[in-house]
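For reference, the structure discussed in these notes is given below.
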Amino acid sequence: MRRPATAAAVGVLAVVVAVTGCGSVRSTGADGTPAAGGAAASSAALPDPAEQVRKGVAEHDRLFPQVAALGCASARPSTPAGGPGATSAVPAEPVDPWVAKHAENSMYKQMALLGAEDRCRGEAHSRRISEAVKARTATAPPTQDAVRGILESLGYPRTAVQISAYGSEVSFELTVPGAGPCVAGRIGASVTVEAHGYYLEGGCTEPKGGH
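Structure representation (structure tokens):
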């Protein structure tokens, strides 16, 4: 004779049915609503990219008020060369197999394009770095320690800067804290400082090697 299902067994079965279905698992409360910590809570915990950007720009503006005063957040794309509505031609694929292979092997050097706001901000940082470097290295050859000291005095933390030397020339790459972008410089007989986007493989320092 089959024994009748107990109330406890029926309760366990009801819970199993409630939390399984279509291969997924859901946590529910006693009233059938999603329990805290379920899918809804996990979704809400994901970072908001727009909010992260806003916080990054706010941090940048706090660290570099003189750059913030330029109002780069309201920068607009410049008119393309050739007048309104002009379009830039897309270069054709190389027909020479060796050239095509060389281009493929150099893909790791590609950088993200700078938007109007990032370009405005990057050019402002490039100018202030260039002016400081020219003023402080006018009477003495640049050294890695001297360049690092100049950059730190301008507010760029040591952890955001990569410095190298080749012969009498000192080079650096830095990430502008908070909002970016990247700024690169070569300091020797002349001083060149320019802003650029992040490398597509990540970071402001050129990746080593090809594919």
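Numbering (the numbering used here), first residue to last: 58 to 268. Ideal placement from N, C-alpha and C gives every residue a C-beta, glycine not left out. Every value quoted in this text rests on a predicted model; they were computed, and no experiment measured them.
Got a sec? Which residues, its chain only, sit under 7 Å from residue i by beta carbon, not counting five neighbours each side?
i    : result
V124 : R178, A181 and H182
V218 : R205, L208, F229 and L231
P38  : Nothing about residue 38 can be reported from this structure: the residues present for the chain run from 58 to 268 only.
L70  : Low confidence applies to L70: its pLDDT is 37, below 50, so where it sits in the model is not reliable, and the reading given next is rough at best. Nothing listed; no residue qualifies.
With a CB to CB cut of under 6 Å and the five nearest residues on each side skipped, what residues in its chain are close to residue i?
i    : result
T136 : Bear in mind that the predicted position of T136 carries a pLDDT of just 43, short of 50, making it unreliable; the figure below should be weighed with that in mind. There are no such residues.
P199 : V227 and I244
D118 : A125
L127 : A181
R193 : I207
Write down the C-beta distance between residue i and residue j rounded to the nearest angstrom, noting that I regard them as a contact closer than 8 Å.
i    : j    : result
E226 : R243 : 6 Å
C129 : E174 : 5 Å
V248 : K191 : 5 Å
P234 : E116 : 7 Å
I186 : V250 : 5 Å
Determine the closest residue to residue i out of the options, with distance taken between C-alpha atoms.
i    : options                   : result
R184 : A252, R111, E209 and P264 : A252
T232 : P104, E188, G212 and Q109 : G212
A236 : K112, L170 and S247       : K112
T262 : A169, T196, L103 and R176 : A169
K265 : R119, P198, Q167 and P104 : Q167
R176 : A132, P106 and V250       : A132
A195 : V114, L127, A246 and V250 : A246
Can you list, in chain order, the residues of its chain with a C-beta nearer than 8 Å to that of residue i? Leave out the 5 residues immediately preceding and following it.
i    : result
S228 : I220, S221, A222, A241, G242, R243 and I244
L120 : G212, P234 and G235
A189 : I207, S210 and L211
A197 : A203
Tell me whether residue i, by its Cβ, gets closer than 7 Å to a heavy atom of the ligand MN.
i    : result
Y223 : The ligand MN is absent from the structure shown, which contains no ligand whatsoever.
**Prompt:** Using 8 Å as the Cβ pair cut-off and three pairs as the minimum, do the region 193-204 and the region 250-267 touch?
**Reply:** no
**Message:** Could you tell me which whole beta strand (DSSP E) segments of length 3 or greater appear in the region 221-248?
**Reply:** Runs found: 226-232 and 239-244.
**Asked** Which runs of the alpha helix (DSSP H) spanning at least 4 residues fall entirely within the region 108-137, listed in chain order?
**Response** 122-125
**Asked** Enumerated in chain order, which unbroken segments of the beta strand (DSSP E) with a length of 3 residues or greater are wholly contained in the region 157-202?
**Response** none
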